[in-house]
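Structure first, commentary second.
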Amino acid sequence: METQKFNKMKQKEISRIMKKYKDTFEILENYDKTRELPFKRKRINVTLSIGTINKLKSLKEETGKPISHLIEEKFV
């Protein structure tokens, strides 16, 4: 009887932790599948028009943020 009560309390605690840290567990689960973390950065080469590059440079000057951060903000 005592072990059933203990197991029930333990299960409630596990459920509470799983609910509280759901995002973290999803990140870890995805890492197990892909071996990549979502906050890890990766360099890529992209071809853009001169006009787009100039707009990004002017935004960079206005905001003080790197161009990569400006691009990420538009997608996240």
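Take the sequence shown: its letters are residues 732 to 807, numbered as in the numbering used here. We put the CB at the ideal spot given by N, CA and C, even for glycine. The structure presented is a predicted model; accordingly, all values stated were derived computationally and were not measured.
Could you give the first and the last residue of the continuous alpha helix (DSSP H) run that contains LEU787?
Along the sequence shown, read from residue 1 onward, the residue named residue 787 stands at position 56. Start and end: 781–794.
Note down the Cα distance separating LYS773 from GLN742, rounded to an integer number of angstroms.
Locating residue 773 in the sequence shown gives position 42, where the first residue counts as 1. Locating residue 742 in the sequence shown gives position 11, where the first residue counts as 1. Rounded to the nearest whole angstrom, the C-alpha separation of LYS773 and GLN742 is 39 Å.
Suppose contacts are defined by Cβ-Cβ distances below 7 Å. Is LEU801 in contact with LEU790 by that definition?
Start at 1 with the first residue of the sequence shown, and residue 801 comes out as number 70. Start at 1 with the first residue of the sequence shown, and residue 790 comes out as number 59. Taking a C-beta distance under 7 Å as the contact criterion, LEU801 and LEU790 qualify as a contact pair.
Rounded to the nearest angstrom, what separates ILE798 and GLU760 at their Cα positions?
Walking along the sequence shown from the start, residue 798 turns up at place 67. Walking along the sequence shown from the start, residue 760 turns up at place 29. Approximately 31 Å, taken between the alpha carbons.
Per-residue DSSP class, three states only, for LYS736:
The residue you call residue 736 lines up with position 5 of the sequence shown. The three-state secondary structure of LYS736, taken from DSSP, is helix.
State the start and end residues of the unbroken alpha helix (DSSP H) segment that holds PHE770.
On the sequence shown, position 39 is the one that residue 770 refers to. According to the DSSP assignment, PHE770 belongs to no alpha helix (DSSP H), since it is labelled neither H nor E.
What's the gap between the Cα of LYS805 and the Cα of MET740?
Residue 805 sits at position 74 when you count from the first residue of the sequence shown. Residue 740 sits at position 9 when you count from the first residue of the sequence shown. Straight across, the Cα-Cα distance linking LYS805 with MET740 is about 45 Å.
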